Structure formats: structure tokens, C-alpha cells
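Number of protein chains: 2
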Amino acid sequence: MEFPEQVEPTLRQFRYFIAAANAGQISQAAIDINVSQSAITNAIKSLEEMIGSALFERHANGVSLTYEGNLFLDHARHVVASVEEAIRLPRRIREDVRGSLNLAVSYTVAGYFIPTHLARFSRAFPNVKVNMVESDRGPIEEGLITGGFDLAVMLTSNIANHEELSHETLLRSRRRLWLSANHRFLQQPSASLQEISAEPYIMLTVDEASNTAQRYWKKTPYRPNTIFRTSSVEAVRSMVAIGMGVAILSDMVYRPWSLEGRRVEVMPVSEPVPTMDVGFAWSIGTELNEAAKAFVEFLHLAMGVDQH
Amino acid sequence: MEFPEQVEPTLRQFRYFIAAANAGQISQAAIDINVSQSAITNAIKSLEEMIGSALFERHANGVSLTYEGNLFLDHARHVVASVEEAIRLPRRIREDVRGSLNLAVSYTVAGYFIPTHLARFSRAFPNVKVNMVESDRGPIEEGLITGGFDLAVMLTSNIANHEELSHETLLRSRRRLWLSANHRFLQQPSASLQEISAEPYIMLTVDEASNTAQRYWKKTPYRPNTIFRTSSVEAVRSMVAIGMGVAILSDMVYRPWSLEGRRVEVMPVSEPVPTMDVGFAWSIGTELNEAAKAFVEFLHLAMGVDQH
DNA sequence: GATATCTATCTGAAAAACAGATAAATGGTA
DNA sequence: TACCATTTATCTGTTTTTCAGATAGATATC
Numbered sequence: 069m070e071f072p073e074q075v076e077p078t079l080r081q082f083r084y085f086i087a088a089a090n091a092g093q094i095s096q097a098a099i100d101i102n103v104s105q106s107a108i109t110n111a112i113k114s115l116e117e118m119i120g121s122a123l124f125e126r127h128a129n130g131v132s133l134t135y136e137g138n139l140f141l142d143h144a145r146h147v148v149a150s151v152e153e154a155i156r157l158p159r160r161i162r163e164d165v166r167g168s169l170n171l172a173v174s175y176t177v178a179g180y181f182i183p184t185h186l187a188r189f190s191r192a193f194p195n196v197k198v199n200m201v202e203s204d205r206g207p208i209e210e211g212l213i214t215g216g217f218d219l220a221v222m223l224t225s226n227i228a229n230h231e232e233l234s235h236e237t238l239l240r241s242r243r244r245l246w247l248s249a250n251h252r253f254l255q256q257p258s259a260s261l262q263e264i265s266a267e268p269y270i271m272l273t274v275d276e277a278s279n280t281a282q283r284y285w286k287k288t289p290y291r292p293n294t295i296f297r298t299s300s301v302e303a304v305r306s307m308v309a310i311g312m313g314v315a316i317l318s319d320m321v322y323r324p325w326s327l328e329g330r331r332v333e334v335m336p337v338s339e340p341v342p343t344m345d346v347g348f349a350w351s352i353g354t355e356l357n358e359a360a361k362a363f364v365e366f367l368h369l370a371m372g373v374d375q376h
Numbered sequence: 069m070e071f072p073e074q075v076e077p078t079l080r081q082f083r084y085f086i087a088a089a090n091a092g093q094i095s096q097a098a099i100d101i102n103v104s105q106s107a108i109t110n111a112i113k114s115l116e117e118m119i120g121s122a123l124f125e126r127h128a129n130g131v132s133l134t135y136e137g138n139l140f141l142d143h144a145r146h147v148v149a150s151v152e153e154a155i156r157l158p159r160r161i162r163e164d165v166r167g168s169l170n171l172a173v174s175y176t177v178a179g180y181f182i183p184t185h186l187a188r189f190s191r192a193f194p195n196v197k198v199n200m201v202e203s204d205r206g207p208i209e210e211g212l213i214t215g216g217f218d219l220a221v222m223l224t225s226n227i228a229n230h231e232e233l234s235h236e237t238l239l240r241s242r243r244r245l246w247l248s249a250n251h252r253f254l255q256q257p258s259a260s261l262q263e264i265s266a267e268p269y270i271m272l273t274v275d276e277a278s279n280t281a282q283r284y285w286k287k288t289p290y291r292p293n294t295i296f297r298t299s300s301v302e303a304v305r306s307m308v309a310i311g312m313g314v315a316i317l318s319d320m321v322y323r324p325w326s327l328e329g330r331r332v333e334v335m336p337v338s339e340p341v342p343t344m345d346v347g348f349a350w351s352i353g354t355e356l357n358e359a360a361k362a363f364v365e366f367l368h369l370a371m372g373v374d375q376h
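Here it is, written out as C-alpha cells:
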């Protein structure tokens with residue numbers, strides 16, 4: 069016996085076995101599935117060795133299943149069907165889920181988080197119409213409560229109304245110091261808030277970023293030396309890149325290159341700076357509709373929420 | 069891209085994918101399952117091409133499942149579990165079925181049909197105690213009706229009491245002419261009953277074989293030239309082998325060699341000769357107990373009753 | 001006995017899978 | 001910035017596996 073002492077079956081062996089069981093003849097099965105007779109004979113032989121009992125009785129005019137072979141056939145069919153499903157289902161279009169989703173998103177989420185996920189979601193759930201509205205925290209919270217929005221994806225750490233809104237964090241993005249490629253700080257492992265306070269600072273105003281900034285500056289005697297306030301992340305990036313100032317922003321919106329092609333570097337802040345938390349928010353009282361549930365589940369899976 | 073444009077996944081790819089999903093890192097998964105990192109990388113890449121979407125997002129410190137990857141993981145685990153079950157279950161000991169089976173069998177069944185099946189059945193159902201009794205048709209039918217036997221495996225074509233007994237045929241075994249290796253008939257394609265009637269005939273008496281024989285001899289003007297009557301198939305075989313006579317018996321009891329090592333040949337009879345039908349018999353009124361049902365199902369599968 | 005048809009086995013060739021080496025990208029650290 | 005550690009991706013040569021075709025053996029049919 070020259071056989072490699074197989075321990076694990078292969079799918080091919082299952083298919084060959086099923087073909088033989090269907091045909092009642094190994095040679096006919098070989099014709100059916102367009103392989104050689106010896107290939108099927110060997111596949112079955114291997115399976116029988118693995119299982120430890122004969123699957124077929126061999127006759128002069130074909131083969132017939134033994135008791136064990138009959139049991140195995142059921143399992144084999146199940147296995148092949150499961151494989152079929154596994155390959156087919158992940159890209160299955162979930163046409164069963166219908167309806168519309170009124171989704172509110174905040175600025176950074178709209179630009180840096182939602183797009184890729186929303187694209188995939190729409191491919192997977194083509195019958196869900198997503199009406200996405202970008203807005204500020206206040207109007208979003210109000211819309212969720214009044215029912216104007218089904219669901220929001222926003223910065224969860226900023227949420228004010230905890231009586232009427234639930235939230236769930238999907239992603240925590242670290243905040244670090246952005247600076248130009250030739251900044252002297254880059255020779256240090258990190259920069260302290262004290263050091264940063266001496267630098268010209270570019271303040272991003274969207275998503276209440278300045279409010280958030282206050283939270284960690286307030287714990288120190290220092291304040292940022294804000295020379296410019298903008299609602300554009302691209303503006304921040306460009307200004308940082310050409311050396312006009314530094315900024316503390318989340319990794320989620322970080323890109324190494326500015327629009328002009330200049331490099332933006334990044335480094336940790338010595339003091340603990342809160343992460344930027346992105347997640348869902350919804351009204352406590354009302355149940356999510358089918359489309360919203362699908363979207364929540366979709367992002368759960370994409371973010372690996374259940375992974376731990 | 070040097071890849072062979074795979075269409076069907078392999079089980080190995082499923083296993084590698086699961087390992088990577090569990091570990092969160094391809095390289096760690098490679099260590100876990102003791103293969104090279106490139107093997108897993110390639111397996112995942114192939115799967116992604118087959119499915120048509122990414123299963124993982126690649127990061128600098130590992131991989132994380134995409135939405136599609138999460139869905140696929142469920143399927144993959146199911147597939148591997150099903151394979152596991154398929155390989156393990158056919159030899160699973162059915163300890164759940166308990167009880168005793170009072171089984172009656174007729175002579176030829178006891179010697180040439182039951183043993184191999186009963187051995188396998190007992191391995192599969194160790195908690196079923198089979199009390200097997202060999203008897204003649206009359207006492208078997210009586211025992212089935214009075215409840216002394218739960219079930220019988222016998223020659224169904226011989227059953228007399230059709231009012232109180234049900235039966236089901238499992239196997240039809242062709243009857244052919246047995247003769248010695250140098251018999252002149254062997255130069256013909258077949259032998260007619262007329263020709264056979266001129267030969268010395270060895271009559272087997274068990275299982276009412278002589279009654280059965282009468283059924284087809286009666287349709288002709290000829291009668292077998294019986295020179296010896298015996299209840300031993302071995303005796304028939306030996307006597308045929310040394311050329312003392314011929315016999316018409318079923319393939320089920322045919323063996324090419326006699327006890328003395330002489331060859332017994334076999335050839336068809338020209339006229340239609342009824343097959344020997346082996347099957348179950350049981351009392352119409354009573355329901356089979358669990359052990360009996362298991363035995364019936366076992367033989368159904370072994371004989372491929374549901375195959376057609 | 002000849003023929004046809006079945007499964008089992010053998011052999012050389014083709015295909016696939018793999019390990020190992022290396023590249024490319026990124027994070028952490030000094 | 002540089003350097004190191006660690007990640008995934010890719011490439012290469014080798015090993016392993018799979019396979020088709022040929023052949024043998026067994027059995028049914030004619």
C-alpha cells in the first residue's frame with residue numbers, strides 16, 4: 069500500500085463518493101463527473117480507511133452502499149451542501165430586508181467612517197434605502213427623539229441626552245499629535261501638552277472637537293495656542309503639513325498626505341488623551357425597524373463587536 | 069497571478085481560514101496549526117477569489133474579519149463540524165437503542181445471510197441483545213403470531229399465513245445450476261430443465277427447497293432425477309464438485325470451492341426459475357419494539373432498500 | 001469460450017500545496 | 001529619523017498529492 073495514510077478527508081472525496089453512490093457504479097460515476105475511474109476508486113478507498121468501515125459492497129456490475137455507507141451518504145450530502153452555501157451566501161444579496169433607514173451622521177463619521185461601510189451595506193442590502201443626513205450633535209439627538217431619524221452614527225462620547233437616548237460604541241480611535249515632517253518634536257518619542265501648548269495650534273471645530281479638546285486641556289494648567297479655527301480636516305492637514313501649526317486629532321481622520329502632497333507626521337501625546345468614540349445612538353423608547361436592525365448587525369459584524 | 073483559477077474550495081482552505089479568524093493573525097494561526105504562513109495567506113486569498121469579496125481586512129498587526137468574513141466564518145465552522153460528524157458518525161455506537169430482539173431465522177438465512185449483517189449490527193447497537201433462533205417455516209410463523217418471536221428473517225416466498233403475517237423482501241437471489249468443473253454442460257451457454265432431468269440431482273431439503281423446486285419442475289413434463297437428499301449445503305457442494313450430480317440452488321449459498329477444495333461451477337438454467345427471496349416477516353397486529361425497528365432499519369440501509 | 005463490463009492496482013505525468021526566503025508595510029522604540 | 005520587530009504578500013524550488021491511462025482480475029452475458 070502506497071497510500072499516504074490520510075487522516076482528514078477532502079471535499080473532493082466527498083463529491084466522488086456521492087457521485088458513486090448516485091450512479092451505483094464507480095465507472096459510470098467517473099463518466100458523470102468527468103474524471104477517471106481510478107480517481108473515484110481511490111477516493112472511496114481513502115474514505116473507507118479513514119472511517120474504518122466499508123462504504124460500498126463491490127459487485128461485478130457495480131457497487132451498493134453498506135449500512136455505514138448509507139449513513140455516510142447523508143452526511144456527505146450535507147457537507148457538500150454546506151460548502152455550497154458557504155461559498156454562495158456571503159455574497160448573497162439580502163433582498164429579503166426591505167424598507168428605508170433615516171440615518172443621521174456627524175461630520176467626521178460622514179467623511180471618514182461611513183462611506184466604505186455604507187457602500188458594502190448597500191451592495192448587501194439593495195432593497196434598503198438609506199437616507200443619510202449629516203448634522204450636528206444637537207439636531208441629531210433631537211431628530212432621534214422626535215422620530216425624524218431612526219438611527220445615528222456619531223461620536224458617542226459627546227452625547228448629552230442620556231435619558232432618552234441609548235448608544236453603543238463601535239470604534240475607539242486614538243488621538244495623536246499631528247505635525248509637519250520636519251518638526252523638531254519628531255526627535256522625541258512623544259510630546260507633552262505643555263510642549264504642545266507652546267506651539268501654534270490648528271483647532272478643528274467640527275463634531276465639537278474643541279469641546280472635547282477642552283476636556284483634556286482642562287486637566288492641565290496649559291491651553292492650546294490656537295492660531296486658526298476651521299471646520300475642514302483638509303485645511304488642518306494642509307496647514308500642519310506646511311508647518312503652520314500642530315493639531316491633536318484622531319487616527320480615524322489621519323492621512324499621511326495633505327491635498328498638496330506634503331507629508332503629515334503623527335506622534336503620541338505624553339498625557340492620556342481620550343479616544344474618539346464612534347458608535348450608534350437611538351431613541352430608548354422606539355424599536356428599530358428592520359432596515360435599521362440590518363444596518364446595526366452589519367456594522368457589528370464588520371467591526372467585530374462580537375469577536376471578544 | 070499564478071493561481072489556477074480555483075472554483076471549488078477545499079476543506080483545508082476552510083480550516084486555514086478558521087485558524088486565521090481565531091488567531092486574528094495569519095502568522096500566529098500558522099504557528100497554531102503548524103503550517104507555513106504563506107500556506108494560510110494563499111488559502112485565504114483563494115477563498116476570497118472564489119467568494120468574490122474580502123474575508124479579512126489586513127492590518128500591520130494582524131487581520132480582522134469583514135462583514136462577509138463574519139458570515140463566512142459561521143458557514144466554515146459548520147462545514148468543518150459536518151465533516152467531523154461524517155467521519156465520526158458512521159462508526160458511531162448507537163448506545164441509545166436498548167432492548168432485546170427475539171429473532172427467528174430459517175436455515176439458509178442463518179448460514180449465508182445473517183452472520184455478516186448481525187455482526188455489524190451488534191457492533192453498531194451494542195445494547196441490543198439479539199436472541200437468534202433457527203427454525204423451520206412452520207414454527208417461525210407460529211412464534212411470530214404468538215409473540216415468541218418479534219421478527220423473522222426467512223424466505224418470504226414460502227410464507228403460508230398471509231392473514232396474520234406481513235412480510236417484506238430484502239433480497240432476491242437467483243437460482244442457477246451447480247455442476248462440477250469438468251461437466252459437459254459447461255460448454256453450453258445454459259442448461260434446460262429437460263437436460264438437467266437426465267442428470268443425477270442432489271436435492272437440498274432445508275428451507276423447503278424441495279417444495280420450491282416442485283414449483284418450477286411442475287411446469288414441465290420433467291422431474292429431477294434425485295439420487296440424494298440432504299439438509300447440508302456443504303454436502304451438496306462437495307457432491308457436485310466431485311461430479312456425483314448437479315443441483316439448482318441460489319447464488320446466496322453458492323461458493324466456488326467445496327470443503328475439499330474442489331471447484332464448483334455454476335451456469336444459468338434456460339427456463340425461468342424463481343428467485344430465492346429473503347426478507348422480514350412479522351405479526352400484522354403487533355408493533356415492533358425499538359430493537360426490532362433498529363434491526364429493520366439497519367438491514368434496509370445495508371440492502372439499499374430505499375435506493376430506488 | 002469470447003466478450004463486455006465491472007472494480008482494483010500500478011505507473012508516470014501533471015497539478016497542487018507547501019516551506020522557506022524575501023519583499024513591503026506598519027507599529028513601536030530609541 | 002533611524003532601527004528593530006512583526007505583520008501580510010509574493011516568489012521560488014521542492015515535495016506531496018492527484019490523476020489519467022494502462023492493465024489485471026473478477027463476474028455477467030452471450
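Chains as they are written, first to last, in our numbering: chain E, 69 to 376; chain U, 69 to 376.
Every residue gets a Cβ at the ideal spot worked out from N, C-alpha and C, and that includes glycine.
In this text the structure is predicted, and so the values were computed from the model without any measurement.
Residues of its chain near residue i, where Cβ-Cβ distance is below 7 Å and the 5 sequence neighbours each way are ignored
i: G211(U); result: A172, F217
i: H34(U); result: This structure cannot speak to residue 34(U), because chain U is shown only from 69 to 376.
i: S150(E); result: none
i: A91(U); result: A97, D100
i: S95(E); result: Q105
i: D374(U); result: In this predicted model, D374(U) has a pLDDT of only 44, less than 50, meaning its place in the structure is not dependable; the value taken from the coordinates is given anyway. Contacts found: H368.
i: T294(E); result: Y269, M271
i: E232(E); result: I213, S351, I352
i: M307(E); result: I270, F296, G313
i: S258(U); result: M335, P336, V337, S338
i: E116(E); result: A122, L123
i: I208(E); result: A172, S174, F217, A220, M222
i: G167(E); result: V196, N357, E358, A359
i: M371(U); result: L238, L239
Other residues of its chain near residue i: CB distance less than 8 Å, five sequence neighbours each side excluded
i: M69(E); result: With a pLDDT of only 37 at M69(E), under the threshold of 50, the placement of this residue in the model should not be trusted; the figure read from the coordinates follows. Nothing listed; no residue qualifies.
i: T109(E); result: I94
i: V304(E); result: W246, I270, L272, T298, A315, L317
i: L79(U); result: V147, V148, V151
i: E365(U); result: none
i: P77(E); result: S114, L115, M118
Own chain partners of residue i with C-beta closer than 6 Å, once the 5 adjacent residues on each side are dropped
i: V274(E); result: Y175, S299
i: Y32(E); result: Any property of residue 32(E) remains undetermined from this structure, which presents chain E solely from 69 to 376.
i: G179(E); result: none
i: T237(U); result: T224, D345, G347
i: F71(E); result: Only weak support is given to the placement of F71(E): the predicted model assigns it a pLDDT of 49, under 50, and the value that follows is read from those uncertain coordinates. If we look at F71(E) and ignore the five residues flanking it on each side, it has no Cβ neighbours.
Beta-bridge pairing of residue i - partner residues as DSSP gives them
i: G329(U); result: None; G329(U) has no bridge partner.
i: P268(U); result: N293(U)
i: S234(U); result: W350(U)
i: G167(U); result: V196(U)
i: D345(E); result: R240(E)
i: A259(U); result: V337(U)
i: A315(E); result: W246(E)
i: G130(E); result: H127(E)
i: T298(U); result: L272(U)
Residue i CB to nearest heavy atom of the ligand PLP below 8 Å
i: M344(U); result: No copy of the ligand PLP appears in this structure; indeed no ligand is present at all.
*chain U contacts from the stretch 111-134 of chain E (Cβ-Cβ distance under 7 Å)*: M118, I119, G120, S121, S132, L133, T134
*contact_flag[the stretch 266-273 of chain E, the stretch 290-308 of chain E] where n(CB pairs < 8 Å) is 3 or more*: yes
*asked:* Could you check whether the stretch 328-347 of chain E touches the stretch 194-207 of chain E, counting it as contact only if at least three pairs of C-beta atoms, one from each stretch, sit closer than 8 Å?
replied: no
*Specify whether the stretch 153-173 of chain E and the stretch 138-156 of chain U touch according to this definition: at least 3 beta carbon pairs, one from each stretch, less than 8 Å apart.*
yes
*Can at least three beta-carbon pairs, one atom from the stretch 247-255 of chain U and one from the stretch 352-370 of chain U, be found at a separation below 8 Å?*
no
*Is the number of C-beta pairs between the stretch 161-168 of chain U and the stretch 177-196 of chain U that are closer than 8 Å three or more?*
yes
_Those runs of the beta strand (DSSP E) which lie wholly inside the stretch 171-229 of chain U and span at least 3 residues_ = 196-202, 219-223
*Residues within the stretch 151-183 of chain E neighbouring chain U, beta-carbon criterion of under 9 Å*: V151, E153, A154, I155, R156, L157, P158, R159, R160
*Run through the stretch 70-104 of chain E for me and flag every whole alpha helix (DSSP H) of 4 or more residues, listed as ranges in chain order.*
79-91, 94-101
*asked:* Under 7 Å, CB to CB, which of the residues in the stretch 355-366 of chain E have a partner in chain U?
replied: F366
*Report the residues of the stretch 82-100 of chain E with a CB closer than 7 Å to any CB of chain U, ordered along the chain.*
none
*asked:* Please identify, using Cβ separations under 9 Å, the residues of the stretch 319-351 of chain E that lie next to chain U, in order along the chain.
replied: none
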